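Chemist: Below: one structure in structure tokens.
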Amino acid sequence: MAEQVLCSLDEIEPNTARRFDVAGHPIAVVRIGDDVYALGDTCSHANISLSEGEIDSDEKTLECWKHGSEFDLQTGEALTLPATRPVPTFDVRVADGKVVLHLEET
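Here my numbering = 1-based position in the sequence shown + 28.
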């Protein structure tokens, strides 16, 4: 899939996440400072949206709000129980002030 502009960087507040649906895939885009990360927006433990969870900007993790599983923003690895499986991650970058996603899983 070609790259897709999701929004301007200013549309995502620092240290927050926003959900996007891209070609039928729910994607959580997390902004920490001027860096962005993209991962599958569904917790691998339960069918819960990760974009509603808490971000730890120092550890670069996203915590599922329902059961507390933490996921590494760079690798998608499940760091705490009850989740044991990773979530997919995606290439995302900021170009000319826009958040640009490449949908292929990394």
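We put the CB at the ideal spot given by N, CA and C, even for glycine.
Nothing here was measured: the structure is a model prediction, and the numbers come from that model.
(1) For a quick check, are the C-beta atoms of ASP69 and ALA56 less than 7 Å apart?
(2) Using 8 Å as the threshold, is the segment 61 to 68 in touch with the segment 113 to 123, meaning 3 or more CB pairs across them?
(3) Helix, strand or coil for LEU67? Go by DSSP, reduced to three states.
(4) With a CB to CB cut of under 7 Å and the five nearest residues on each side skipped, what residues in its chain are close to ARG46?
(5) In chain order, what residues of the same chain have a beta carbon less than 6 Å from the beta carbon of CYS35, not counting five sequence neighbours either side?
(6) Quickly, what does DSSP pair ASP119 with across the bridge? List them, please.
(7) From ASN43, SER97, GLN102, pick the residue whose C-alpha is nearest to that of ASP84; which is it?
(8) Pull the bridge partners of HIS53 from the DSSP assignment, please.
(9) Note down, in chain order, each residue of its chain lying with its Cβ closer than 8 Å to the Cβ of LYS135, except the 5 sequence neighbours on either side.
(10) Between the Cα of ASP86 and those of CYS92, PRO114, ASP100, spot the shortest distance and give me the residue it belongs to.
(11) In angstroms with no decimal places, state the Cα-to-Cα distance between GLU82 and CYS92.
Modeler: Reading off the structure:
(1) Cβ atoms of ASP69 and ALA56: closer than 7 Å.
(2) Enough Cβ pairs lie closer than 8 Å, so yes.
(3) Strand at LEU67.
(4) Contacts found: ILE40, VAL57, SER79.
(5) Cβ neighbours of CYS35 within its own chain (closer than 6 Å, five residues either side excluded): VAL127.
(6) Partner(s): HIS130.
(7) For ASP84, the closest C-alpha among the options ASN43, SER97, GLN102 is that of ASN43.
(8) Its beta-bridge partners are VAL50.
(9) What the structure shows of the chain is the stretch from 29 to 134, and residue 135 is not part of that stretch, so it cannot be assessed.
(10) The residue with the shortest Cα to Cα distance from ASP86 is ASP100.
(11) Spanning the two alpha carbons is a distance of roughly 7 Å.
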